[in-house]
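Structure first, then comments.
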Amino acid sequence: MKDFGTWSISLLVSSINQKKNGSCVDSITRLQILSSSPSPIKIIKRSSAFLSKIPPIHNHYHHRSRKFHTTLCCSTSNPSRTLENGSIVGDLLDYLNESWTQFHATAEAKRQLIDAGFDLLNENEEWELKPGGRYFFTRNMSCLVAFAIGEKYSVGNGFHVIAAHTDSPCLKLKPRSASSKSSYLMLNVQTYGGGLWHTWFDRDLSVAGRVIVRGSDGSFLHKLVKIKRPLLRIPTLAIHLDRTVNKDGFKPNLETHLIPLLATKSEEGSSEAKEKTTESSKAAHHPLLMQVLSDELSCSIDDIVSIELNVCDTQPSCLGGGNNEFIFSGRLDNLASSYCALRALIDSCESSSELSNDSAVRMIALFDNEEVGSGSVQGAGAPTMFQAMKRIAGCLARNNVNEGAIERAIRRSFLVSADMAHGVHPNFMEKHEEHHRPEMQKGLVIKHNANQRYATSGVTAFLFKEVGKIHNLPSQEFVVRNDMGCGSTIGPILASGAGIRTVDCGIPQLSMHSVREICAKEDVDIAYKYFKAFYQNFSSIDKKLEVD
């Protein structure tokens with residue numbers, strides 16, 4: 073360990089809050105040192121007293137903070153703007169660990185945009201925009217649109233957009249989640265999206281999402297909440313009671329078997345316990361759950377008037393593999409794409425000179441509800457992005473709008489629909505078409521489908537690949553087998569919604585829609601560089617080809 077500059081250190085701290093009765097459980101601190109060398113590094117576990125040994129190292133290498141990256145499990149620190157070897161992987165891990173839900177992902181993106189100097193807009197108010205400006209707005213705290221206007225922009229010029237989504241398959245609490253079976257308190261849940269639900273069994277789970285809290289003045293406050301400690305568990309049935317499971321397969325009933333355990337019931341010997349049991353049976357949510365939430369929010373249970381919670385896996389995102397070449401995490405689909413788009417936009421216009429010669433508008437659009445069809449006010453099925461385009465063009469025209477200005481702008485625009493791609497599985501290679509088997513660490517995957525499940529055309533694929541060629545960035549291509557169904561993305565929805573040219577692409581991954589997914593860290597950096605190059609070079613490439 074002669075050069076700490078070649079190491080990335082993730083300090084993951086999880087603690088159990090002190091209970092009201094005064095008892096507490098000591099914090100458990102885990103220091104994970106992740107190396108780029110082939111030698112695996114073991115995880116070091118110590119008690120909280122171990123932290124006292126850290127400061128001398130930290131102070132000694134204080135001046136080398138550009139290469140000494142510290143990641144907290146739920147970070148509130150600013151992401152590093154200085155990239156080690158051009159990599160954003162450390163910052164992506166921070167983002168994933170912060171973004172347990174679509175609400176947290178949007179809130180974290182909002183924080184980073186504000187820190188980068190973007191101005192927050194409100195859809196309910198008039199906008200005042202100017203060339204060279206950088207702006208964003210959120211909708212429902214689960215959808216976000218951000219954009220940077222080229223200083224040479226004129227009305228009718230195009231928008232260069234990267235679109236992704238903030239949601240992932242998960243379990244969500246039902247409006248009346250309180251349930252009791254045998255001696256257990258349980259939570260009724262709904263399945264959201266097409267998850268691999270068997271992977272949620274025997275995981276350390278918790279809850280996160282948003283709540284509406286009554287303020288002291290009678291107003292209502294929208295707050296995000298995250299219970300970081302393991303709170304729930306969905307246990308599998310012992311093989312002794314299901315002898316044929318390995319032969320017949322694990323086929324849980326999603327209504328009756330996929331119910332998380334919260335706690336055991338209190339003994340009903342005392343009148344106080346009986347009163348609590350009666351109260352729990354009548355309440356929409358268990359009083360114990362509400363108490364956990366109120367403790368986290370530092371408010372009264374009675375002040376919590378509404379909750380919208382996801383069940384989340386508590387295991388932190390991390391690097392893995394013999395050479396630390398993989399990212400092991402939940403929600404890679406599609407937060408990895410969202411973060412690459414976010415950072416590409418921020419970093420492509422970090423200095424004022426970046427926009428000085430640009431005549432287009434650079435934009436990202438992060439939508440909710442893609443996993444369930446996008447048909448919501450915060451989903452890609454709503455006209456959010458196109459309304460923003462219209463408002464931007466109208467605002468910059470300053471009442472000098474010529475005929476068909478917005479229509480011309482859309483025809484000159486280009487959309488990159490970024491959603492994770494199916495990498496070839498070494499144990500199931502036959503599931504991929506023989507000549508279209510994307511591999512991890514081989515670059516972005518451009519997705520094709522003759523039946524328009526993806527929006528890529530020969531022209532849009534060519535233009536996007538030209539962006540990569542300028543910077544020697546690799547790409548691959550994917551086509552589904554003719555005897556299998558094909559998934560889809562927000563690409564066709566946005567392309568058909570207003571007639572914008574679109575290419576569908578994604579980072580290759582394995583275990584898609586599992587509670588724990590895997591992709592290659594090299595592909596993350598390739599995607600980031602590709603998206604950044606798209607903002608910087610697409611205008612010049614697009615001028616060289618005319619179709620129509």
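My numbering numbers the first residue of the sequence shown as 73 and each following residue consecutively. Where a beta carbon is used, it is the ideal one built from N, C-alpha and C, also for glycine. The structure presented is a predicted model; accordingly, all values stated were derived computationally and were not measured.
*Beta-carbon proximity check, residue 420 vs residue 184, cutoff 8 Å*: no
*Using 8 Å as the threshold, is the region 540-550 in touch with the region 437-457, meaning 3 or more CB pairs across them?*
no
_Beta-carbon proximity list for residue 134, same chain, < 8 Å, skipping 5 on both sides_ = Low local confidence applies: a pLDDT of 34 at residue 134 is under 50, so the model's placement there is unreliable, with the coordinate-based value given in what follows. Excluding positions up to five away in sequence, the list is empty.
*Say whether the region 487-507 touches the region 215-230, bearing in mind that this needs 3 or more beta-carbon pairs closer than 8 Å, one atom from each stretch.*
no
_At the level of alpha carbons, what is the spacing between residue 612 and residue 485?_
13 Å
*So, does the CB of residue 535 fall closer than 8 Å to a CB anywhere in chain C?*
Protein chain content of the structure displayed is limited to a single chain, and chain C is not contained in it.
_Member of 482, 204, 498, 311 whose CA lies at the smallest distance from the CA of residue 223_ = 204
*Tell me, please, which residues DSSP counts as bridged to residue 295.*
283
*CB-CB length for residue 478 against residue 465, believed under 8 Å*: 5 Å
*What are the partner residues of residue 581, as DSSP defines its beta bridges?*
494, 591
*Beta carbon of residue 617, beta carbon of residue 535: below 8 Å?*
yes
*Tell me whether residue 451 is buried or exposed, calling it buried when 16 or more other Cβ atoms sit within 10 Å of its Cβ.*
buried
*asked:* Helix, strand or coil, according to DSSP, for residue 600 in the structure here?
replied: helix
*Short Cβ contact (8 Å threshold) for residue 376 with residue 285*: yes
*Short check: CB of residue 416 to CB of residue 600, under 8 Å?*
yes
*For residue 456, which of helix, strand or coil comes out of DSSP?*
helix
*Please determine, among 554, 433, 158, 509, the residue with the shortest C-alpha to C-alpha distance to residue 217.*
433
*Same chain, Cβ closer than 6 Å to residue 236, neighbours up to 5 away in sequence not counted*: 406, 409, 410, 413, 438, 490
*asked:* For residue 560 and residue 528, I'd like the C-alpha separation in whole angstroms.
replied: 11 Å
*In three-state terms, what does DSSP make of residue 270?*
helix
_residue 232 (DSSP reduced to helix, strand or coil)_ = strand
*Look at the Cβ atom of residue 234, then the Cβ atom of residue 436, and state whether they are nearer than 8 Å.*
yes
*Using three-state DSSP, classify residue 555 as helix, strand or coil.*
coil
*Determine the direct distance from the alpha carbon of residue 195 to that of residue 268, and round the result to whole angstroms.*
37 Å
_Own chain, CB closer than 7 Å to residue 231, minus 5 neighbours either side, in chain order_ = 432, 433, 435, 461, 481, 485
*Mapping DSSP to helix, strand and coil, what is residue 92?*
Confidence at residue 92 is low in this model, with a pLDDT of 38, below 50, so the placement of that residue should be treated as unreliable; the coordinate-derived value is given next. Residue 92: coil per DSSP, three-state reduction.
*Residues bridged to residue 466 by DSSP?*
For residue 466, which the question treats as bridged, DSSP gives no partner whatsoever.
*asked:* Can you find the residues in the same chain that come closer than 8 Å, C-beta to C-beta, to residue 304, ignoring five residues on each side of it along the sequence?
replied: 259, 277, 278, 279, 332, 333, 334, 383
*Does the distance from the CB of residue 297 to the CB of residue 282 come in under 8 Å?*
yes
*So what does DSSP say about residue 327, is it helix, strand or coil?*
coil
*Indicate the three-state DSSP secondary structure (helix, strand or coil) for residue 411 in the structure shown.*
helix
*beta strand (DSSP E) containing residue 206: first to last residue?*
206-211
*Quick one: Cα of residue 391 to Cα of residue 162, how far?*
9 Å
*Identify, in the order they occur along the chain, each residue of the same chain with its Cβ nearer than 8 Å to the Cβ of residue 425, setting aside the five sequence neighbours on each side.*
none
*Under a Cβ-count criterion, where at least 16 other Cβ atoms within 10 Å of its own Cβ denotes burial, should residue 614 be classed as buried or exposed?*
buried
*Contact under 8 Å by Cβ, residue 572 with residue 442*: no
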